[in-house]
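*Asks:*
Number of protein chains: 4
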Amino acid sequence: MKAAVLAGGAGTRLYPITAYVPKSLIPIGSHYVIEYILEYLKHYDVRDIVMLISEKESDLLRNHLGDGKRFAVNIEYSVAERIGTAGAIGAAAGLLGDRFLVYYGDVLTDMNLTDMIEFHERSRATCTIAMSTSVPMEYGVARVAEDGRVTYFEEKPIIKEYPVSMGILICEKEVIRYCKPDTDISHEVVPQLIKDGKPVFAYLTSKRHYDIGTFKNLEEAKTLVEQSKGAFQLS
Amino acid sequence: MKAAVLAGGAGTRLYPITAYVPKSLIPIGSHYVIEYILEYLKHYDVRDIVMLISEKESDLLRNHLGDGKRFAVNIEYSVAERIGTAGAIGAAAGLLGDRFLVYYGDVLTDMNLTDMIEFHERSRATCTIAMSTSVPMEYGVARVAEDGRVTYFEEKPIIKEYPVSMGILICEKEVIRYCKPDTDISHEVVPQLIKDGKPVFAYLTSKRHYDIGTFKNLEEAKTLVEQSKGAFQLS
Amino acid sequence: MKAAVLAGGAGTRLYPITAYVPKSLIPIGSHYVIEYILEYLKHYDVRDIVMLISEKESDLLRNHLGDGKRFAVNIEYSVAERIGTAGAIGAAAGLLGDRFLVYYGDVLTDMNLTDMIEFHERSRATCTIAMSTSVPMEYGVARVAEDGRVTYFEEKPIIKEYPVSMGILICEKEVIRYCKPDTDISHEVVPQLIKDGKPVFAYLTSKRHYDIGTFKNLEEAKTLVEQSKGAFQLS
Amino acid sequence: MKAAVLAGGAGTRLYPITAYVPKSLIPIGSHYVIEYILEYLKHYDVRDIVMLISEKESDLLRNHLGDGKRFAVNIEYSVAERIGTAGAIGAAAGLLGDRFLVYYGDVLTDMNLTDMIEFHERSRATCTIAMSTSVPMEYGVARVAEDGRVTYFEEKPIIKEYPVSMGILICEKEVIRYCKPDTDISHEVVPQLIKDGKPVFAYLTSKRHYDIGTFKNLEEAKTLVEQSKGAFQLS
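Residue numbers (my numbering), protein chains in the order written: chain E, 1 to 235; chain Y, 1001 to 1235; chain A, 2001 to 2235; chain R, 3001 to 3235.
1. Given the structure, does A/Gly-2097 come close to the ligand SAH, in the sense that its CB is under 6 Å from one of the ligand's heavy atoms?
2. By the criterion of Cβ-Cβ separation under 8 Å, what are the contact partners of A/Gly-2148 in chain B?
3. How long is the line joining the alpha carbons of E/Thr-205 and E/Met-116, rounded to whole angstroms?
4. Sorted by chain position, which residues of the same chain lie with C-beta nearer than 6 Å to E/Leu-223's C-beta, five sequence neighbours on each side aside?
5. Counting contacts by CB-CB distance shorter than 7 Å, is Y/Val-1005 in contact with chain E?
6. Note down the Cα distance separating E/Ala-86 from R/Tyr-3139, rounded to an integer number of angstroms.
7. Going by alpha carbons, who is nearest to A/His-2187 out of R/Ala-3088, R/Ala-3142 and R/Ala-3007?
8. Do E/Val-135 and E/Val-102 count as a contact pair if the criterion is CB distance below 7 Å?
9. Which one of Y/Val-1144, Y/Tyr-1152 and Y/Thr-1128 has the shortest CA to CA distance from Y/Ala-1167?
10. When DSSP labels each residue in this structure, what does R/Lys-3002 get in the three-state scheme?
11. Name the two residues that bound the continuous alpha helix (DSSP H) containing R/Ile-3034.
12. Need the endpoints of the alpha helix (DSSP H) that Y/Val-1225 sits in, please.
13. Give me whichever residues DSSP pairs with E/Asn-74 in a beta bridge.
14. I'd like the ranges of any alpha helix (DSSP H) spanning at least 4 consecutive residues and lying wholly in the segment 1058-1138 of chain Y.
15. Considering A/Ile-2170, what are the terminal residues of the alpha helix (DSSP H) in which it resides?
16. Under 7 Å between beta-carbons, which chain A residues line up against Y/His-1031? List them in chain order, please.
17. Looking only at DSSP bridge pairs, what is A/His-2209 linked to?
18. Can you tell me whether DSSP reads E/Val-21 as helix, strand or coil?
19. Leaving out five residues before and five after R/Phe-3153 in sequence, what residues of the same chain have Cβ atoms less than 7 Å from its Cβ?
20. Could you pull the start and end residues of the beta strand (DSSP E) that A/Val-2141 belongs to?
21. If you drop the 5 nearest sequence neighbours on each side, which residues of the same chain put their C-beta closer than 6 Å to that of Y/Asp-1106?
22. Should Y/Arg-1208 be labelled buried (16 or more other beta-carbon atoms within 10 Å of its own) or exposed?
23. Does any C-beta atom of chain Y lie closer than 7 Å to the C-beta of E/Lys-255?
24. How many whole angstroms separate the CB atoms of E/Gly-90 and E/Lys-180, which I take to be in contact at a CB cut-off of 8 Å?
25. Starting from the Cα of Y/Leu-1218, find the closest Cα among Y/Lys-1002, Y/Leu-1025 and Y/Gly-1008 and give me that residue.
26. On the three-state DSSP scale, how would you describe A/Tyr-2015?
27. Is there a C-beta anywhere in chain R that falls below 7 Å from the one on E/Tyr-139?
28. Can you give the Cα-Cα distance for E/Gly-11 and R/Tyr-3020, rounded to whole angstroms?
29. For a cutoff of 7 Å on Cβ pairs, would you count A/Lys-2023 as touching chain R?
30. Mind pulling the chain A residues with CB within less than 9 Å of Y/Tyr-1044?
31. Using the C-alpha atoms, what's the distance from R/Ala-3221 back to Y/Pro-1016?
32. Just tell me which of E/Ala-88, E/Gly-97 and E/Phe-71 has its CA closest to the CA of E/Glu-55.
33. Can you tell me whether R/Ile-3028 is helix, strand or coil according to DSSP?
34. Is there at least one Cβ from chain A nearer than 7 Å to Y/Leu-1041's Cβ?
35. Quick check: what's the CA-CA separation for R/Leu-3006 versus R/Ile-3083?
36. According to DSSP, is E/Glu-161 helix, strand or coil?
Next up, the structure:
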């Protein structure tokens, strides 16, 4: 199974860092974000990787990662400009096989990917989404009775009945048909698959992910990596 | 009714701007965040304001706002260091009356405050929390059947059954007793009030707020203010 | 004598702060840069001030400073877009009198302005430039003998024979004629005045200035203001 | 001849970028600053490189550069904490030979290094400093007659009689004796060598360097690299 790593995002939330450094090449401890991702994928025996990038970071990423040999993986590149995550996947269709992993390039996790793959196969899913039951909401939320009385209030709670998408999906080839220019895999493709009655499954995990797309998360990820002395153990 | 404006936060998510400018003194269009807040409170006839601040921004805020006359309000100051939002309210107890508004100093909204006050009185609440039913979550979320099948998936959805706290509360004097050093009004005080069976109510509104604590929200608020040609209309 | 304060610069060296806050409204201690400048000018009895600004910061500056009464000065505004410092002065000609001070809006100093004015009058100068003999160069420099041997080397030296312009000039009305669109007072106007044989004088001072246009200088100015407990004493 | 590359600086002027990325690992076009430096040194057949670094960036640099084979050079590392540039050189004395190059890790240039080495040998210098006659000063400067009249004024001029140190020096082993903890090669060592009558020479060049230590210079360097289509040609 090949992995399509989404690494072309603008990184506006990490501005001004991302004016100088692409998000996937921000260092955390001894390694760059993308190197942790390659290490993670390799650990789970996913060694054929397609980097979905934009022109802006193309030269630097190619120089840094090359064909992947240095990291004991095979890397191909697919360059597309601002056509959405699904658009980028569609544009890379020729490089992807019958089944492929979609991995958001700003996500770090130590979720068990082998487990997720087995779950996907067992479920005969068209698309399986890794979903965490351990990610807190950003806000204070309440449950409110008819008369307005608050029966429950929690600041930044984990809401068990709403697990959170971690930015890791396994897709069967069929999904490609849905990946049109200017569409997003989460905003449009997954909801449409469900609407069309395709078997979309959630791989639920109590592991969490770190989307390093914000300074707060980036700091958290740095702290975790330091505490684990550079090893890739985020939880 | 007096308003206690929480303006002592560190603003880490707006770093490095906040290394040079306190969050409440960031400009948006023609005015500073705190000036919009004063304007908002005055519009709803809340003219007695206690700024809860820390030493760091004390001189600058006092120089900027003075006693409030320039803005046709009365401003007092209460300085306390890193003792939590509820701690700061407790420390200012002597300046607050029998009923007071708590207003987070990084929040902009055009929610109808008169309406909320009337609701608070009608409900005979000890504490009423303004809660928006229009704030999207930061993540993709799903509902998942027993077998793992996804029956619903939405990226950054508004979840109606979980309205979001806007950082505006009306409190009866009784709440002060709960405001001990190193506690937070949302994390500790509100949940404890509910636990103790006090009447805590939610004032539900379809209006939303902008917490300018992140660059993304700050940009959104700037755009909205520009579109409304500088007037204070956020939605 | 009126003062023309150049406050329309883009502030690129203070980026990303200046994406959110105009340079002249950056706080240093208890006051904003422009407030220190107004205080300085008022101290030397220069109370009629023309702010040379661009559209971008116009609303915020007008809201902040108003007509100047709050600061016991009179403030007028002249808005012009990217036409250079001399261009902006030329565009404001109607607001300036027979003699005017040009003051760079990112400069703090405690040079004796009365002294400089007296020197200007005594010299019967068309233009007098405040020049400091206490500003170190940014580099390591050497004096080199014919054969290449270094006879003197100093890192970041003060070079006495090359005093440094502080961004404060006194001009007679005649200078206006030289202030054409897209010209700079330092790059073009002063050299041309000299070329034309006009009496251009240097007011030499051992006081230095802080151009808060860079983070390094901004930090230095902040430290100095803190050490002097908020009073405006930079040296 | 080995090269000692000073890569342990704090990079405060490039803050906040350098809170996340060491200065030598900032990307410019397709490559990182340090990769351009390695390429430059290799081009002039300097292939034995000692990186003088601090603990903070040690793991990341070692991971990125390794033993240098990937770049066809040999890299060793010397870790020392905040003991000055000369202190760091002194601490690495055992790794350096009878003659060594000192190269500031934030400097890019295309000065002819072979020429400089030949000049050094011909001059029988103890220390040769690369000095540019093409670097403009940061300020407006004047020459002033006895009576205060300005005879010359130029904004950001190149001052021919004061060439500027580029951060590249060739040193004979003897220099090591001067490299004590908490001393700087430019501030203390070079002036002391001159004082002691040692033959210190300037290699004068009309080529300039880019010290990417500031945003302005970093932007300039980026523009130059883009214009030269990624090749290492800065002038």
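Ideal Cβ placement from N, Cα and C applies to all residues, glycine included.
*Replies:* According to the structure data:
1. Among the components of this structure there are no ligands whatsoever, and the ligand SAH is therefore not found.
2. This model lacks chain B altogether, as its protein chains are E, Y, A and R.
3. 9 Å
4. Correcting the residue identity first, residue 223 of chain E is Thr in this sequence and not Leu. Taken in chain order, the list of residues that qualify is empty.
5. no
6. 52 Å
7. R/Ala-3142
8. no
9. Looking at the sequence itself, residue 1167 of chain Y is Gly, so the reference to Ala does not match. Comparing Cα positions, the closest option is Y/Thr-1128.
10. strand
11. 3033-3043
12. 1215-1227
13. E/Asp-48
14. 1084-1091 and 1113-1123
15. It is not in any alpha helix (DSSP H) - A/Ile-2170 instead sits in the beta strand (DSSP E) that spans 2164-2172.
16. Asn-2063
17. A/Thr-2109
18. coil
19. Gly-3140 and Ala-3142
20. 2140-2144
21. Lys-1023, Asp-1211, Ile-1212 and Gly-1213
22. buried
23. Residue 255 of chain E lies beyond the residue range present for chain E, which begins at 1 and ends at 235; the question has no answer from this structure.
24. 6 Å
25. Y/Leu-1025
26. coil
27. no
28. 14 Å
29. no
30. Correct list: empty, because the minimum Cβ distance to chain A is about 21 Å.
31. 24 Å
32. E/Ala-88
33. strand
34. no
35. 12 Å
36. coil
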